[in-house]
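**Q** Read in this note's numbering, the sequence shown has 54 at position 50, and its numbers run on one by one without any break. Glycine included, each C-beta is placed from N, C-alpha and C at the ideal position. Values in this document were obtained by computation on a predicted structure and should not be read as measured data. Take a look at the following structure, please.
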Amino acid sequence: MEKKELLYEGKAKKVFTTDDPEVLIVSYKDDATAFNGLKKGTIEGKSAINNQMSNNLMKLLETKGVPTHLIEELNERETAVRRVSIVPLEVIVRNVAAGSLSKRLGLPEGTMMKRTVLEYCYKNDDLGDPMVNEYHIYAMDLATEQELADIAKMAFTVNDVLRNYLKDLNIDLIDFKIEFGRTSDGTVILADEISPDTCRFWDSSTGEKLDKDRFRRDMGGVEDAYQEVFKRLMGH
Ligand code: TMP
């Protein structure tokens with residue numbers, strides 16, 4: 005499969021068209037940003053780790069009935085995926101209080117919550133991805149009621165599957181962000197990526213952060229954390 009034209013360049017990935025109008029090639033970058041692009045840097049080796057890790061997790065999710073955009077891994081950094089139009093929502097699932105939820109609600113990081121929390125943010129960089137609820141989503145026509153019902157159900161399945169899988173690797177899944185896309189026939193499938201860029205992973209024994217928070221918060225050991233998660237995942 006050959007790359008044709010650069011369709012889109014995001015903060016962490018480039019997306020290319022191919023000869024097949026239904027197929028795109030995603031090429032991961034080592035570039036890292038945080039705070040809506042305000043903080044910029046590089047995480048050496050991230051592209052290969054995120055590509056392969058995301059593909060492995062999507063493969064696992066497919067076996068559990070979650071449809072994904074994954075077609076085929078082409079090399080360490082590149083993957084062929086189904087072309088979708090992205091539903092402009094960041095779908096966030098939270099098991100333990102951390103990050104922006106901790107700030108917003110005054111719950112110290114690490115606080116266990118009685119229930120899993122589902123949040124939506126409107127994907128709009130100019131607005132800083134503001135949080136929205138179902139009323140906003142329907143009022144702005146970002147998704148239909150059926151689409152959102154499907155999205156919520158898939159998001160909880162993703163949480164259950166990944167949480168169980170990671171538990172065996174001695175990793176707690178604190179929270180994560182996923183995105184969905186519509187195929188040409190209107191089916192909603194899981195798209196984008198699942199990686200230490202988009203999840204909070206804490207070592208179950210030590211509580212050590214094994215994700216992009218190390219970059220966001222200048223904690224050091226960023227590359228080592230990505231490598232550690234990857235090693236546990238691939239050794240499994
Ligand atoms: P938050 O606590 O900063 O809202 O982040 C919640 C989860 O979403 C966390 O696992 C990190 C992930 N995330 C992204 O993938 N992209 C983003 O732009 C942000 C802000 C968070």
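In three-state terms, what does DSSP make of residue 202?
**A** For the purposes of this step, residue 202 is identified with residue 198 of the sequence shown, where counting begins at 1. Coil.
**Q** With residue 166 and residue 62 assumed to form a contact (beta carbons below 8 Å), what rounded beta-carbon distance in angstroms separates them?
**A** Residue 166 sits at position 162 when you count from the first residue of the sequence shown. Residue 62 sits at position 58 when you count from the first residue of the sequence shown. Not confirmed; about 11 Å, so no contact.
**Q** Rank 141, 140, 172, 122 by C-alpha distance to the C-alpha of residue 157 and give the top, closest one.
**A** Your numbering for residue 157 matches position 153 in the sequence shown. Cα-wise, what sits closest to residue 157 is 122.
**Q** Rounded to the nearest angstrom, what separates residue 45 and residue 36 at their Cα positions?
**A** Start at 1 with the first residue of the sequence shown, and residue 45 comes out as number 41. Start at 1 with the first residue of the sequence shown, and residue 36 comes out as number 32. Computed Cα separation, rounded: 5 Å.
**Q** Which partner residues does residue 20 have in the DSSP bridge list?
**A** Stepping through the sequence shown from its first residue, residue 20 is reached at position 16. Per DSSP, 10, 29.
**Q** Is it the case that the segment 204 to 220 contacts the segment 72 to 90, given that we only count it when at least three CB pairs across the two stretches are under 8 Å?
**A** no
**Q** Buried or exposed: residue 142, going by 16 or more other Cβ atoms within 10 Å of its Cβ?
**A** Counting from 1 along the sequence shown, the entry for residue 142 is found at position 138. Residue 142 should be labelled exposed.
**Q** Between residue 52 and residue 81, which are expected to be in contact by the criterion C-beta below 8 Å, what is the C-beta distance as a whole number of angstroms?
**A** Within the sequence shown, numbered from 1, the residue matching residue 52 stands at position 48. Within the sequence shown, numbered from 1, the residue matching residue 81 stands at position 77. 5 Å between Cβ atoms; contact.
**Q** Looking at chain B, is there any beta carbon in it that lies within less than 8 Å of the beta carbon of residue 6?
**A** Absent from the structure is chain B; it holds one protein chain and no more.
**Q** Would the segment 114 to 133 count as touching the segment 219 to 234 if we require 3 or more Cβ pairs under 8 Å?
**A** Touching, no.
**Q** Buried or exposed: residue 147, going by 16 or more other Cβ atoms within 10 Å of its Cβ?
**A** Walking along the sequence shown from the start, residue 147 turns up at place 143. By the 10 Å Cβ count, residue 147 comes out buried.
**Q** Residue 60 to residue 18, Cα distance in whole Å?
**A** To locate residue 60, count along the sequence shown from 1; it is residue 56. To locate residue 18, count along the sequence shown from 1; it is residue 14. Between residue 60 and residue 18, the C-alpha separation is close to 20 Å.
**Q** Compute every distance between the C-beta of residue 184 and the non-hydrogen atoms of ligand 1, then say whether any falls below 7 Å.
**A** As a working note, residue 184 is residue 180 in the sequence shown. Taking the Cβ of residue 184 as the reference point, every heavy atom of ligand 1 lies at 7 Å or farther away.
**Q** Comparing alpha-carbon positions, which option in 131, 205, 47 lies nearest residue 219?
**A** Residue mapping note: residue 219 aligns to position 215 of the sequence shown, counting from 1. Ranking the options by Cα distance to residue 219, first place goes to 47.
**Q** Is the CB-CB distance between residue 6 and residue 23 below 8 Å?
**A** As a working note, residue 6 is residue 2 in the sequence shown. As a working note, residue 23 is residue 19 in the sequence shown. Cβ distance < 8 Å, so residue 6 and residue 23 count as in contact.
**Q** To which residues of the same chain is residue 191 closer than 8 Å at the C-beta, ignoring the five residues directly before and after it?
**A** Here residue 191 corresponds to residue number 187 of the sequence shown, with the count starting at 1. The beta carbon of residue 191 sits closer than 8 Å to those of 71, all from its chain and outside the five residues before and after it, given in chain order.
**Q** Could you tell me the distance, in whole angstroms, from the CA atom of residue 66 to the CA atom of residue 201?
**A** Walking along the sequence shown from the start, residue 66 turns up at place 62. Walking along the sequence shown from the start, residue 201 turns up at place 197. So the two alpha carbons sit approximately 21 Å from each other.
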